[in-house]
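Undergrad:
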Amino acid sequence: RHCTDVVCCVIFIAVILAYIALGIVAWVHGDPRKVVYPTDSYGQFCGQKDTPNENKTLLFYFNILKCASPAVLINLQCPTTQLCVSKCPERFATYIDVQASYRYKVDHWNYFKQFCKPGFNNPRKSVAQVLRDEDCPSMIIPSRPFLKRCFPDFSTKNGVLTVANQTTFKDGRGKTRNVTDLREAANGINTVLDARSVGMKIFEDYASSWYWILIGLFIAMVVSLLFLVLLRFTAGVLFWIFIFGVIGIIGYGTWHCYWEYSHLKGTPGSDLTVYDIGFQTDFRVYLQLRQTWLAFLIILCVVEVIIILMLIFLRNRIRIAIALLKEGSRAIGYIMSTLFYPIVTFLLIAICISYWAVTAVFLATSGEPVYKVMANQTLCKYANLSCDPETFNKTNVTKLCPGAQCTFAFYGGESLYHKYIFIFQLANAFVFLWLVNFAIALGQCTLAGAFASYYWAFRKPADIPLWPLFSSFGRAIRYHTGSLAFGALILAIVQLIRVILEYLDHKLKGTQNSFTRFLLCCLKCCFWCLEKFIKFINRNAYIMIAIYGKNFCTSAKEAFYLLMRNVVRVAVLDKVTDFLLFLGKILVAGGVGVLAFFFFTQRIPLFAKEAPTLNYYWVPLLTVIIGSYLVAHGFFSVYAMCVDTLFLCFCEDLERNDGSTAKPYFMSASLHRILGKKELSLKKA
1 RHCTDVVCCV IFIAVILAYI ALGIVAWVHG DPRKVVYPTD SYGQFCGQKD TPNENKTLLF
61 YFNILKCASP AVLINLQCPT TQLCVSKCPE RFATYIDVQA SYRYKVDHWN YFKQFCKPGF
121 NNPRKSVAQV LRDEDCPSMI IPSRPFLKRC FPDFSTKNGV LTVANQTTFK DGRGKTRNVT
181 DLREAANGIN TVLDARSVGM KIFEDYASSW YWILIGLFIA MVVSLLFLVL LRFTAGVLFW
241 IFIFGVIGII GYGTWHCYWE YSHLKGTPGS DLTVYDIGFQ TDFRVYLQLR QTWLAFLIIL
301 CVVEVIIILM LIFLRNRIRI AIALLKEGSR AIGYIMSTLF YPIVTFLLIA ICISYWAVTA
361 VFLATSGEPV YKVMANQTLC KYANLSCDPE TFNKTNVTKL CPGAQCTFAF YGGESLYHKY
421 IFIFQLANAF VFLWLVNFAI ALGQCTLAGA FASYYWAFRK PADIPLWPLF SSFGRAIRYH
481 TGSLAFGALI LAIVQLIRVI LEYLDHKLKG TQNSFTRFLL CCLKCCFWCL EKFIKFINRN
541 AYIMIAIYGK NFCTSAKEAF YLLMRNVVRV AVLDKVTDFL LFLGKILVAG GVGVLAFFFF
601 TQRIPLFAKE APTLNYYWVP LLTVIIGSYL VAHGFFSVYA MCVDTLFLCF CEDLERNDGS
661 TAKPYFMSAS LHRILGKKEL SLKKA
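So the sequence shown is numbered by full-length UniProt numbering: it starts at 1 and just counts up by one.
#1: Return yes when the Cβ of residue 552 is within less than 8 Å of the Cβ of residue 723, no when it is not.
#2: If we count the other Cβ atoms within 10 Å of its Cβ and call it buried at 16 or more, is residue 656 buried or exposed?
#3: Can you check whether the CB of residue 501 is closer than 8 Å to the CB of residue 524?
#4: Could you give the first and the last residue of the continuous alpha helix (DSSP H) run that contains residue 52?
#5: Could you say if the stretch 517-531 and the stretch 414-423 meet the contact criterion of at least three C-beta pairs nearer than 8 Å?
#6: So residue 647 and residue 324 are supposed to be a Cβ contact under 8 Å. How far apart are they, rounded?
#7: Can you tell me which of 256, 254, 293 puts its alpha carbon nearest to the alpha carbon of residue 270?
#8: Do you know how far the Cα of residue 585 is from the Cα of residue 770?
#9: Report the rounded CA-to-CA distance for residue 151 versus residue 145, giving the unit in angstroms.
#10: How many whole angstroms separate the CB atoms of residue 84 and residue 125, which I take to be in contact at a CB cut-off of 8 Å?
#11: Does DSSP put residue 86 in a helix, a strand or coil?
#12: Pick from 541, 565, 471: whose alpha carbon is nearest that of residue 441?
#13: Count the other CB atoms, across all protein chains shown, that sit within 10 Å of the CB of residue 101; report buried if there are 16 or more and exposed otherwise.
#14: In chain order, which continuous runs of the alpha helix (DSSP H) of length 4 or greater are located wholly inside the stretch 476-549?
#15: So, at 7 Å on beta carbons, what are the nonlocal neighbours of residue 594 in its own chain, with the 5 sequence-adjacent residues on each side left out?
#16: In this structure, does DSSP put residue 39 in helix, strand or coil?
#17: Under 6 Å Cβ to Cβ from residue 497, same chain only, skipping five residues before and after it: list those, please.
#18: Between residue 342 and residue 638, how many whole angstroms is the CB-CB distance? I'm expecting something under 8 Å.
#19: Taking DSSP as the reference, what is the three-state secondary structure of residue 12?
#20: Under the three-state reduction of DSSP, which class applies to residue 380: helix, strand or coil?
#21: Whole angstroms is fine: what's the gap from residue 308's alpha carbon to residue 244's?
#22: For residue 454, list the residues DSSP reports as bridge partners.
#23: Considering just the uninterrupted stretch of the alpha helix (DSSP H) at residue 105, what are its terminal residues?
#24: Below 8 Å CB to CB, which residues in the same chain sit around residue 189 once its five sequence neighbours on both sides are set aside?
#25: Which partner residues of residue 99 appear in the DSSP bridge assignment?
#26: What number of angstroms, rounded off, separates the C-alpha of residue 434 from the C-alpha of residue 464?
#27: Could you spell out where the alpha helix (DSSP H) holding residue 645 opens and where it closes?
#28: Grab me the residues of residue 15's own chain with a C-beta within less than 8 Å of its C-beta, minus the 5 sequence neighbours each way, in chain order.
#29: Looking at the unbroken alpha helix (DSSP H) that takes in residue 337, where does it start and where does it end?
#30: Between which two residues does the alpha helix (DSSP H) harbouring residue 301 extend?
#31: Inspect the beta-carbon positions of residue 391 and residue 81 and report whether they are closer than 8 Å.
#32: Quick check: what's the CA-CA separation for residue 428 versus residue 494?
#33: State the DSSP-derived secondary structure class of residue 667, mapped to helix, strand or coil.
#34: Could you have a look at residue 166 and say whether DSSP puts it in helix, strand or coil?
#35: Quick check: residue 4 and residue 628, are their CB atoms within less than 8 Å of each other?
#36: Return helix, strand or coil for residue 428, following the three-state DSSP convention.
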């Protein structure tokens, strides 16, 4: 063994050091409070302790009609004065009416002025001047806080959009306007507010069922582990059991859907369509429709037919795959520690994600407050130019552009660091992708080295080295960090290009023509295929690196040519095995999911009293199903890597050896018989 791809290793270490330096610089300049607290037109945080706004935790918009959409509001880019307030308005009022009656309705004035600029208390000032200088809003409307910002209290009454049960309001400029004028802002807000209500109920469900979810995931882990261990002895029997198990689960689901569909026949309202009832936050409403169960029935029937047809056409290949499953189970049985290595990969990726997210937040919140002139862009040439709020009133801008204001726009700066914030964010994303791919590559190479040591042991298990997993991990770090980083770098570049293409597609979605849309679609498709191909080549290159210790390019070339020389076996053994393992994941997730369904719906008499009361039983149910699938995926990914490694070793064994006494095969006798190779040498299996 010798160090491979040393240049890439040095570059990789230098990039990691630079990445740490970038994080330190971002932490020095960044301020996460800019994300936590909303910011008023003066760049001050609402609700921050030890400031004048300590008790003013909400952001109020003087004229919400100027805000085009909720996204504009959340991003603080609404061209109107924004003020920190202690509570949102609870009534309709206009400045004109309040000023006219302030002498005999002092309480109305005192209520209204809390939404004016701090210190303003001059009701004698003319309405035109107040509105021009934006000392007070022209109107206030009933609002409710969301994301610490005051949004109109929209509701729907008999299909009519209302605010506080009213359909019209005075805009404070002598006009009576319809609430539908706020529709553009309301369309998204109502959805998000409803989502918040659903989110609170989901949080309550998690709070009352989290320990049962953990029990379900533990059961999935035990079932996955037992499944892998039992494959060593009864791979064929277990395979057909879980094949029929999957078919049985889908069959039960089909029968249940048909039963629900028939049971709802004649029930009032059950013949409505999903389109008729629209979007409902209570998803149980959809389960009262026959159309819903009919759709489930059709989907499950199609899935059932597809699985049965695949089993018929792949029956001969399945026999071959079972041999590799048995051999893989035997290898894992001798090196049980490999089953828990995914935890190491998970922790490494979790560290990368945490560092990237924190650095991204600090980079995004770097800089000083930047103020811009807010005015009518068609009339004022100074609109959107930078300004100084302390000297703004002394300039000619207010004379040339009546009503113009110097308001807070965003956080930025003119220094070299602030000018290249976007480049730093791009670098942050790129290094993050590189590190994540390196962690995955390290795991693949480590597991491949451990399983290769099993295959190339002439007498199994006597010749298997002590602590093969730790030895393989040490070799990968000591000798092949550069090669793993090289493969991860290539993949990270392709993934970054895909991210940029997705970003461009999102940004140009409203303006692109047909040709641009077609071009972007082709590019996205090509780079998706390229990423899949590189992942496949990298995976096999890491196996060759673990076996021979050569550099990345040489290992990738040898792995590719080796696979091409055995392309039929690749299709028959590798992909069929992947399919069988996928069915195993479905069985584990489906079986635990069915058990969780009966438990959370209180259909198991023995545990009916133990089941928690839930708003949505599907919340813990989906969590258990998805979590069980991920747990099974973690165990089976090790198994898939084992099968892939044994397959490459087997192909290499066939080419290097001929079964003679001088060059005996290293494969087991059972694998010999299944794959049709006569063993010419006496060899212990």
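All C-beta atoms in this analysis are idealised placements derived from N, C-alpha and C, irrespective of residue type, glycine included.
TA: Checking against the coordinates, here is how it stands:
#1: The shown model of the chain, from 1 to 685, leaves out residue 723, and the question about it has no answer.
#2: By 1-based counting over the sequence shown, the position of residue 656 is 656. It counts as exposed.
#3: Working through the sequence shown from its first residue, we reach residue 524 at position 524. Working through the sequence shown from its first residue, we reach residue 501 at position 501. Yes. Within cutoff.
#4: Here the question's residue 52 lines up with position 52 in the sequence shown. No alpha helix (DSSP H) contains residue 52, which DSSP labels as neither H nor E.
#5: Cβ pair count under 8 Å is below three, so no.
#6: Residue numbering aside, residue 647 sits at position 647 when the sequence shown is read from its first letter. Residue numbering aside, residue 324 sits at position 324 when the sequence shown is read from its first letter. So it is a contact: roughly 7 Å between Cβ atoms.
#7: Along the sequence shown, read from residue 1 onward, the residue named residue 270 stands at position 270. Nearest C-alpha to residue 270: 293.
#8: Since the displayed the chain opens at 1 and closes at 685, residue 770 lies outside it and no answer follows.
#9: As a position in the sequence shown, residue 151 is number 151, starting the count at 1. As a position in the sequence shown, residue 145 is number 145, starting the count at 1. Near 6 Å, if we compare the C-alpha coordinates of residue 145 and residue 151.
#10: Position 84 of the sequence shown, counted from the first residue, corresponds to residue 84. Position 125 of the sequence shown, counted from the first residue, corresponds to residue 125. No, residue 84 and residue 125 are not in contact; Cβ-Cβ is about 22 Å, not under 8 Å.
#11: Position 86 of the sequence shown holds residue 86. Residue state, collapsed to three classes: coil.
#12: Along the sequence shown, read from residue 1 onward, the residue named residue 441 stands at position 441. Closest in C-alpha terms to residue 441, from the list 541, 565, 471, comes 541.
#13: On the sequence shown, position 101 is the one that residue 101 refers to. Flag for residue 101 reads exposed.
#14: Runs of the alpha helix (DSSP H) lying entirely within the stretch 476-549 and spanning at least 4 residues, in chain order: 481-507, 514-548.
#15: Translated into the one-based positions of the sequence shown, residue 594 becomes position 594. Taken in chain order, the residues that qualify are 249.
#16: Position 39 of the sequence shown, counted from the first residue, corresponds to residue 39. Of the three classes helix, strand and coil, the one that applies to residue 39 here is strand, per DSSP.
#17: By one-based count along the sequence shown, residue 497 stands at place 497. Within the same chain, residue 497 has close Cβ partners 527.
#18: By 1-based counting over the sequence shown, the position of residue 342 is 342. By 1-based counting over the sequence shown, the position of residue 638 is 638. That pair is a contact at about 6 Å.
#19: Your numbering for residue 12 matches position 12 in the sequence shown. Helix at residue 12.
#20: Within the sequence shown, the letter at position 380 stands for residue 380. Coil, per DSSP.
#21: Along the sequence shown, one-based indexing puts residue 308 at 308. Along the sequence shown, one-based indexing puts residue 244 at 244. Computed Cα separation, rounded: 10 Å.
#22: Taking the sequence shown and counting its residues from 1, one reaches residue 454 at position 454. Answer is none; residue 454 lacks a bridge partner.
#23: Here residue 105 corresponds to residue number 105 of the sequence shown, with the count starting at 1. Looking at the DSSP string, residue 105 is not in any alpha helix (DSSP H), and its letter there is neither H nor E.
#24: As a working note, residue 189 is residue 189 in the sequence shown. Confidence in residue 189 is poor, its pLDDT being 48 and thus under 50, which makes the residue's placement too unreliable to answer from.
#25: Along the sequence shown, read from residue 1 onward, the residue named residue 99 stands at position 99. Paired residue(s): none; residue 99 is not in a bridge.
#26: Within the sequence shown, residue 434 is the residue found at index 434, counting from 1. Within the sequence shown, residue 464 is the residue found at index 464, counting from 1. If you take the alpha carbons of residue 434 and residue 464, they lie about 33 Å apart.
#27: Numbered from 1 along the sequence shown, position 645 holds the residue referred to as residue 645. Where residue 645 is concerned, the enclosing alpha helix (DSSP H) stretches over 618-656.
#28: Taking the sequence shown and counting its residues from 1, the one referred to as residue 15 is at position 15. Once the five neighbours on either side are set aside, the close Cβ partners of residue 15 are 431, 434.
#29: Numbered from 1 along the sequence shown, position 337 holds the residue referred to as residue 337. Here residue 337 belongs to no alpha helix (DSSP H), and DSSP marks it neither H nor E.
#30: What you label residue 301 is simply residue 301 of the sequence shown in a count that begins at 1. It spans 290-313 - the alpha helix (DSSP H) in which residue 301 sits, taken as one unbroken run.
#31: Stepping through the sequence shown from its first residue, residue 391 is reached at position 391. Stepping through the sequence shown from its first residue, residue 81 is reached at position 81. The answer is no: Cβ separation not under 8 Å.
#32: Here residue 428 is taken as the residue at index 428 of the sequence shown, counted from 1. Here residue 494 is taken as the residue at index 494 of the sequence shown, counted from 1. One C-alpha to the other measures close to 16 Å.
#33: To locate residue 667, count along the sequence shown from 1; it is residue 667. Reduced to three states, the DSSP call for residue 667 is coil.
#34: Along the sequence shown, read from residue 1 onward, the residue named residue 166 stands at position 166. Three-state result, residue 166: strand.
#35: Position 4 of the sequence shown, counted from the start, is the residue given in the question as residue 4. Position 628 of the sequence shown, counted from the start, is the residue given in the question as residue 628. The answer is no: Cβ separation not under 8 Å.
#36: Reading the sequence shown from its first residue, position 428 is the one you call residue 428. DSSP places residue 428 in helix when its eight states are reduced to three.
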